[in-house]
Structures are given as structure tokens and as C-alpha cells.
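Quick note: the sequence shown uses the working numbering, first residue 839, plus one each step.
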Amino acid sequence: MEHLPNEVKVIILDECDYTDCICFRATSSKNYDVGTYVLTKTRTFDFRLYRSHIGMQSLENEKTTKNGSHFNPTKMINFMDLLPGLRKLVLADLPCIFTMSDMIKLGKSLPNLQKCVIIESEERKWMGKDVLMGLTYFKSLEKLKVVNWEPSHVTRRGCASRNETIPASTLRNLINFTIICNKETVSKVLQYLLENEIYLTKCVKAKFNVRLSSPDIPHLIMKFIECHPHIQEIAFNGFLFTTQEQVQAFYGHLLALPQLERVQLENCSVIERIEQALQKTFLDALRRRGIRFTNLVKSLRHG
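Encoded structure:
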């Protein structure tokens, strides 16, 4: 390998994972330059690989605690300087509390990032208070996916209490927005958008997945649709409607979207019985317009 031309090494490393490039950089000064060049072409980075790869352990500030291995977020942020061409970033399972300040620094180090996926799990809570406010500094961000985020109630001395939010400036620049959550996060986000008249004017794809539906969801989602007539693809998962009239109004709002190309309904149900004539009318309207679809709202009652 040492005697191969740099051009051949680049071709080989292009087929490897970026963590392998990092290990390759450590073998010699010549290979360091080759590995660094390949890293500059990296377009996707998943922190779960960063954290689990043995070759990355030297970048971590290891501490033995009852919660496991921790690391210094500054080291990860500095590492991002090696990836100036990064377009997609996955933040998940961070072994530390990631603060708003950390997110701001990360955004400044990734000026070309277009897509960010943020995943929190029940087992590992790593998102600090107001951490998503740091997304304001991701100037090229167009696609955002947030999973299992639960907004905290923030109280600061001399200020009125409030719920954590996603920055309005970030939301206005999105063309693709996905939120998959527990509890009432979807409801809180929709309420925040409507109350503050924040319109996702560039957004053409939206997905809302709620694992515990709340009573105000149907009303809020229909208001969201009214305010975003440019939506082309929209998906819902886990929504619960109370009456057939709500479902009929929901179907009507979807059909009122002039640019709609695809609608996806998964695990959406209604407590009352739903007439087959309503389902057929909705399906016929979708087919006439050539709108792709998956499933319908299903009744929890039979007969």
C-alpha cells in the first residue's frame, strides 16, 4: 500500500468508510495527506459510527462513570473541520450533554450542511436545554429530521417561562421537515407555528409521526395544511380522529392542496365508524389527480 501511487490510494479510500480514512491517516505523513484529501470529499457523517469505531477512541476524552464513556464535544466539533464538504449529519447517541453553545459551534464549522438528523432515545438523553436553538447557525440547512425530542419547559430569571422550540429562521428555510416523537411534541410544534404565524414557505415535504396522539392534533394539522398550500408530499403516522366529520374535513384539506403529489397515512384511525362512501370518494379524487397514496384513516369500530 505504501508504494502505490496517491491516485490509486484515493480510489481505494473512496470505497472505504470515513473512519477507515482516519485510521489510514495515522500510518504515515504521506498517507495523512491522502486520507485528509479523501475526508474533504465526505458528504455524510453519522456520529454513531464516529463514537463506536475503535480508531476514533483517541479523539474521545474517556472517563469512567456510572453512565459510561463520556467525551469532550469540542473534539467532535474540531473534527468537523476535516469534513468541509459535509452535506448530511446524523446526531444520535451522544455520550454527553450537548449544549446550545456546542450546537452553535457545530453549525459554524459546517457552512455547507444541507440535512441534519437529530435522534434522542429513552436510554440516552443527550440534548441540553435549548440545544435546537443552535440550528440558527446552520446557514445552508434545508432538511431537518427530529426524532424523540421532548421540549422542556425553560425558566430563566427575569423572563417568562416557555417551552423549548425550533428556531423560526431555521423552519422558514426548510424544504423537508420530519418530526417523529412521543407524547405531545407534534402538538406543541404545530401550536408554536400557528400562534407565532411561522410559515414554512419553502417546505414541499413534511412528515408528522406521533406515538401518543392528543385531542387537538386534527385541528392543528388541518390549520397547518391551510397555511402551507405549496406542500407536494405529506405523511402522517399515529394520528387519532374522534369523529367521521373530522376525517371528512381532513380529507378535504388534503385534496385542497393544489400541488399535492403524494400522501402517506400510517396507523391513522378514527373512533367512530366511517362510511365506505367517504373512503371511496377520497380515493377516487386521489386517483383522478394521479396522487400517490398509502392507506386511509381506519375506524376502530367494525360493522
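Beta carbons: idealized from backbone N, C-alpha and C, even for Gly.
Given the structure is predicted, the values throughout are model-derived calculations rather than measurements.
Within 8 Å, strictly: CB atoms of residue i and residue j
i, j, result
"leucine 948", "leucine 932", "no"
"leucine 1098", "isoleucine 1129", "yes"
"phenylalanine 883", "leucine 927", "yes"
"serine 1107", "leucine 1058", "no"
"isoleucine 942", "glycine 972", "yes"
For residue i, the three-state DSSP class (helix, strand or coil)
i, result
"glutamine 1102", "strand"
"asparagine 1011", "helix"
"alanine 1044", "strand"
"alanine 1123", "helix"
"phenylalanine 1088", "helix"
"asparagine 1020", "coil"
"threonine 1094", "The sequence shown places alanine at residue 1094, not threonine. Reduced to three states, the DSSP call for alanine 1094 is coil."
"lysine 1026", "helix"
"threonine 902", "Low confidence applies to threonine 902: its pLDDT is 40, below 50, so where it sits in the model is not reliable, and the reading given next is rough at best. DSSP places threonine 902 in strand when its eight states are reduced to three."
"phenylalanine 1062", "helix"
"threonine 882", "strand"
"alanine 1073", "strand"
"leucine 920", "helix"
Pick from the options that is closest to residue i, judged by C-alpha positions
i, options, result
"valine 846", "Ala864, Asn869, Arg1010, Thr974", "Asn869"
"phenylalanine 1046", "Ala1073, Pro1053, Leu1032, Lys1061", "Ala1073"
"leucine 1092", "Val1135, Phe883, Arg1111", "Val1135"
"asparagine 1075", "Thr1132, Glu1035, Ala1115, Ile942", "Thr1132"
"leucine 1050", "Glu1033, Asn1034, Phe1079, Tyr1030", "Phe1079"
"isoleucine 849", "Lys879, Ser867, Ala864", "Lys879"
"arginine 992", "Val985, Glu1002, Val984, Pro911", "It should be pointed out that residue 992 corresponds to valine in this sequence rather than to arginine. Closest option to valine 992, Cα to Cα, is Glu1002."
"tyrosine 1030", "Thr1039, Cys859, Phe1062, Ile956", "Phe1062"
"glutamine 1142", "Ser1137, Ile1109, Pro911, Arg1127", "As displayed, the chain neither begins before 839 nor continues past 1141, which places residue 1142 out of reach and without an answer."
"asparagine 1014", "Ser990, Glu1035, Lys983", "Lys983"
Residues of its chain near residue i, where Cβ-Cβ distance is below 8 Å and the 5 sequence neighbours each way are ignored
i, result
"serine 1007", "Thr974"
Residue(s) in a DSSP beta bridge with residue i
i, result
"methionine 965", "Phe936"
"histidine 991", "Asn1001"
"lysine 1185", "No answer is possible for residue 1185: the residues shown for the chain start at 839 and end at 1141."
"arginine 1139", "DSSP output for arginine 1139 lists no bridge partner at all."
"serine 1107", "Leu1078, Lys1136"
"leucine 970", "Answer is none; leucine 970 lacks a bridge partner."
Residue-chain proximity (residue i, chain D), Cβ-Cβ < 8 Å
i, result
"lysine 977", "Judged by its chain identifiers, the structure shown contains no chain D, having just a single protein chain."
Residues of its chain near residue i, where Cβ-Cβ distance is below 6 Å and the 5 sequence neighbours each way are ignored
i, result
"isoleucine 1004", "Leu970"
Sequence-distant residues of its chain with Cβ nearer than 7 Å to residue i (five each side left out)
i, result
"valine 876", "Val848, Leu851, Asp852, Cys859"
Residue i CB to nearest heavy atom of the ligand GTP below 7 Å
i, result
"valine 1101", "Absence of the ligand GTP from the depicted structure is noted, as is the absence of any ligand whatsoever, leaving it without description."
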